[in-house]
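**Q** Sharing a structure below in structure tokens format, with a few things to ask.
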Amino acid sequence: MRQQGDFLQVLQEQGYGMDNLFPSSKGNGVSSHPELTTGTTVFAMKYADGVLVAGDRRATAGNVVMYDRTDKVLEIDRFSVMAIAGVPATAFEMARVLEHSFKYYRRSQLQDLSFEGKLRALSTLLKNNAPAALAGTGTVVPVFAGYDALEGCGKIFFYDILGAEFEAVEYAVSGSGSSTIRGILYYMNRWGTSPVAGINEEDALIFVLRLMTSAAEFDSATGGVDAQAQLYPIVKRISAEGVRTIPADRLTTLFSEKVLS
Amino acid sequence: MYEEPYRWIEAVANRRTYLDDQFTQGNPLIGVSFTQGILLLTFNRGTDKIYEVYDRIALGGMGHPADLEKLRYTLLDMAHVEGFQRSPSDVTASRLMKNGLAPVIKEAFEEIFKAPYITKILLAEVGPTQDRDHLFSINYDGMFEEQREFGVLVASSSIRETLAQEWKRHTPPSSLQAALEVSLRLWGISSLLQTDTPSSDVEEEKGEASSPTTSLSTIPDDEAIASRIRETLSKETLECVLLDRESGKMETYRTLSQAELQPLIPHYFESPQES
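Protein sequence lines, in the order shown, are assigned to chains A and B.
The opening residue of the first sequence carries number 0 in numbering that gives the first Met the number 0; numbering runs sequentially from there.
The opening residue of the second sequence carries number 0 in numbering that gives the first Met the number 0; numbering runs sequentially from there.
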């Protein structure tokens, strides 16, 4: 019996196979050289008014920079955002499946999918993708953040490649450049002047730009900020009003005034 | 015994009589295209009749809720699979109607050993500009029709004709308030004509010179229309949906709340004091 409002099942009935989506899931699964291609930096952190999610813009293949204007912070619906690290083809496809799943659920069931339901949906996609992830061709390690209407607060979750979900108390990071950010956030929360979760939006945005610059300093696969090329990270803010993208000119001002000097 | 062509034709004709009768108790539904988007309007007694199908598409239904629900799922599945596999801009009301809905409804209607869908559906698609708005209405037998400016679900084709005549008398609405006014009026007329089928009872006060066809029902007078609307407002819920061209978002569907509607049509909410 079909589960009501499940878009993935509708797709599968129409002949859309997960096997097509995740190419190596028919193989033996485990490659001898798992290459975790997560060359990127994405992170989400809580601050006084909600959650900020940020991602650099660089897409790499090995040591080659493929593209410098990638959007890795994807709006899934009005209240949730997925920041992706890993193989872009699989990650973008997952984002599209999620976006349509949430829309389909809302329209068919005439109610919004709960925040927990959204988390489960992503978890299921990652679980189905496990063989491809283990083979190294479909690794996706996302950070999922959104506004939980039931509890009235912003929340951040991060995943491993097999689909286990973990709630982050203050922040979550993913991608090759993330260890730098994780270290700084840990230090700030432990010995800094005030916990990051309590700072205002202006300070939080400055902090995000500084974090991204630091990550790019130590990770060649992270684009960071390039003011000359007008290249700024994608930063989205999640609050009770929904998801809002921080405009580039605001980042430009903050960067030149508070990061460069 | 239905192998004989005559029997089959007779059975289909019986079906028509049965279905036509079912719809006389139904609530008319009006869709109007105007500058800001498309307004869909009806009254309900608890179960909604207007639903979101896709980013720019909504459906309105008249008839049995279970049948409507089944067809709604057909549309939702088709729209979302298409929107996912191709692109949201490839999902159009025209294709949903022609490839999705019409064959299913027609087949059920002519399959005389099975139950037909007791439902009529209006599909509305809001375009980036008003000339790209589309309204499709489909009858219980699978016949569908496309309209640009307004679409209706009513009990009979003669009421439909009357409304088309009435629509031509109005200047095209250029605001939500105007669209609401004209939709309510069309709803009131069809509601009256549906319940008072012998239209000769209604006095011809307006003297519609421009209605030469004898099959056209006479438009009831303004006071009768207004009092029908007032009376229904006090008993049932006014259900209004706006497909908002100017929403600035991918998704255009918005249910108008009672608080939003009341200031736009205050005279219908007051008690009838004017004579």
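Quick reminder that beta carbons are idealized off the backbone N, C-alpha and C, glycines included.
So, using beta-carbon positions, are G99 (chain B) and T251 (chain B) closer together than 8 Å?
**A** As a first step, residue 99 (chain B) must be located in the second sequence, where it is residue number 100. As a first step, residue 251 (chain B) must be located in the second sequence, where it is residue number 252. No, the Cβ-Cβ distance between G99 (chain B) and T251 (chain B) is not below 8 Å.
**Q** Any residues in the region 65-78 of chain B with a beta carbon nearer than 7 Å to a beta carbon of chain A? Which ones, in chain order?
**A** Cβ contacts with chain A: Y72, L75 and D76.
**Q** Chain B partners of Y103 (chain A), CB-CB under 7 Å?
**A** If you number the first sequence from 1, residue 103 (chain A) lands on position 104. Those are L75 and H79, listed as they occur along chain B.
**Q** Can you pull the chain A residues whose beta carbon is under 7 Å from the beta carbon of E51 (chain B), in chain order?
**A** Residue mapping note: residue 51 (chain B) aligns to position 52 of the second sequence, counting from 1. The answer, in chain order, is R106.
**Q** Measuring alpha carbon to alpha carbon, tell me which residue in A:L161, A:T123, A:G14 and A:P141 is nearest A43 (chain A).
**A** Working through the first sequence from its first residue, we reach residue 43 (chain A) at position 44. With distances taken between Cα atoms, A43 (chain A) lies closest to A:P141.
**Q** Would you call the region 135-154 of chain A in contact with the region 100-120 of chain A, where contact means no fewer than 3 C-beta pairs closer than 8 Å?
**A** Yes, since at least three Cβ pairs between the region 135-154 of chain A and the region 100-120 of chain A fall closer than 8 Å, the two stretches touch.
**Q** Give, in chain order, every residue of the region 88-106 of chain B whose Cβ lies closer than 9 Å to some Cβ of chain A.
**A** Result list empty, no residue passes.
**Q** Would you call the CB atoms of F217 (chain A) and G153 (chain A) closer than 8 Å?
**A** In the first sequence, the residue the question calls residue 217 (chain A) occupies position 218. In the first sequence, the residue the question calls residue 153 (chain A) occupies position 154. No, the Cβ-Cβ distance between F217 (chain A) and G153 (chain A) is not below 8 Å.
**Q** From the DSSP output, which residues share a beta bridge with L73 (chain A)?
**A** Taking the first residue of the first sequence as position 1, residue 73 (chain A) is located at position 74. L73 (chain A) is bridged to A:M81.
**Q** Under the three-state reduction of DSSP, which class applies to H63 (chain B): helix, strand or coil?
**A** In the second sequence, residue 63 (chain B) corresponds to position 64, counting from 1. Coil.
**Q** How would you label P172 (chain B), buried or exposed, when you count the other beta carbons within 10 angstroms and need 16 or more for buried?
**A** Here residue 172 (chain B) refers to the residue found at position 173 of the second sequence. It counts as buried.
**Q** Going by other Cβ atoms of all chains shown within 10 Å of its Cβ, with 16 needed for buried, is T212 (chain B) buried or exposed?
**A** Position 213 of the second sequence, counted from the start, is the residue given in the question as residue 212 (chain B). Caution is warranted here: a pLDDT of 42 is assigned to T212 (chain B), below 50, making its placement in the model unreliable, and the coordinate value is therefore given only provisionally. Flag for T212 (chain B) reads exposed.
**Q** Could you check whether the Cβ of S256 (chain B) sits closer than 8 Å to any Cβ belonging to chain A?
**A** For the purposes of this step, residue 256 (chain B) is taken as residue 257 along the second sequence, with counting starting at 1. Closer than 8 Å: no.
**Q** In three-state DSSP terms, what is G145 (chain A)?
**A** The residue you call residue 145 (chain A) lines up with position 146 of the first sequence. In this structure, G145 (chain A) counts as strand in the three-state DSSP scheme.
**Q** Which residues does DSSP list as the beta-bridge partners of Y66 (chain A)?
**A** Within the first sequence, residue 66 (chain A) is the residue found at index 67, counting from 1. In the DSSP output, where bridge partners are listed per residue, Y66 (chain A) has A:A58.
**Q** Could you have a look at K97 (chain B) and say whether DSSP puts it in helix, strand or coil?
**A** Here the question's residue 97 (chain B) lines up with position 98 in the second sequence. Correct three-state label for K97 (chain B): helix.
**Q** Just verifying my parser: in three-state terms, what is the DSSP assignment at H79 (chain B)?
**A** Locating residue 79 (chain B) in the second sequence gives position 80, counting from the first residue. If DSSP states are grouped into helix, strand and coil, H79 (chain B) belongs with the helices.
**Q** Relative to the alpha-carbon of N199 (chain A), which residue among A:V50, A:A134 and A:I83 has its alpha-carbon at the smallest distance?
**A** Your numbering for residue 199 (chain A) matches position 200 in the first sequence. Of A:V50, A:A134 and A:I83, the residue nearest in Cα terms is A:V50.
**Q** Can you name the residues of chain A whose CB is closer than 7 Å to the CB of G82 (chain B)?
**A** On the second sequence, position 83 is the one that residue 82 (chain B) refers to. Residues of chain A passing the Cβ test: H99.
**Q** Straight-line CA distance for D19 (chain B) to Q110 (chain A)?
**A** To locate residue 19 (chain B), count along the second sequence from 1; it is residue 20. To locate residue 110 (chain A), count along the first sequence from 1; it is residue 111. Their Cα atoms are separated by approximately 34 Å.
**Q** If you measure between the beta carbons of T221 (chain A) and R57 (chain A), is that distance less than 8 Å?
**A** Sequence index remark: in the first sequence, residue 221 (chain A) carries index 222 (1-based). Sequence index remark: in the first sequence, residue 57 (chain A) carries index 58 (1-based). A contact, by the Cβ cut-off of 8 Å.
**Q** Just to check my reading of the structure: A144 (chain A) and V86 (chain A) have Cβ atoms closer than 8 Å, yes? What is that Cβ distance to the nearest angstrom?
**A** Here residue 144 (chain A) corresponds to residue number 145 of the first sequence, with the count starting at 1. Here residue 86 (chain A) corresponds to residue number 87 of the first sequence, with the count starting at 1. In fact, because the Cβ distance is near 21 Å, the residues do not count as touching under 8 Å.
**Q** Let's test the definition: count the other Cβ atoms within 10 Å of the Cβ of A208 (chain B) and tell me whether it reaches 16, buried, or not, exposed.
**A** Sequence index remark: in the second sequence, residue 208 (chain B) carries index 209 (1-based). Low local confidence applies: a pLDDT of 42 at A208 (chain B) is under 50, so the model's placement there is unreliable, and no value is given.
**Q** With a threshold of 16 other CB atoms inside 10 Å of the CB of P232 (chain A), please say whether the residue is buried or exposed.
**A** One-based indexing of the first sequence puts residue 232 (chain A) at position 233. Buried.
**Q** I'd like to know whether the C-beta atoms of E92 (chain A) and I75 (chain A) end up nearer to each other than 8 Å.
**A** Here residue 92 (chain A) corresponds to residue number 93 of the first sequence, with the count starting at 1. Here residue 75 (chain A) corresponds to residue number 76 of the first sequence, with the count starting at 1. Contact: no.
**Q** Quick one: what does DSSP say Q347 (chain B) is sitting in, helix, strand or coil?
**A** Outside the shown range of chain B (0 to 274) lies residue 347 (chain B), about which nothing can therefore be said.
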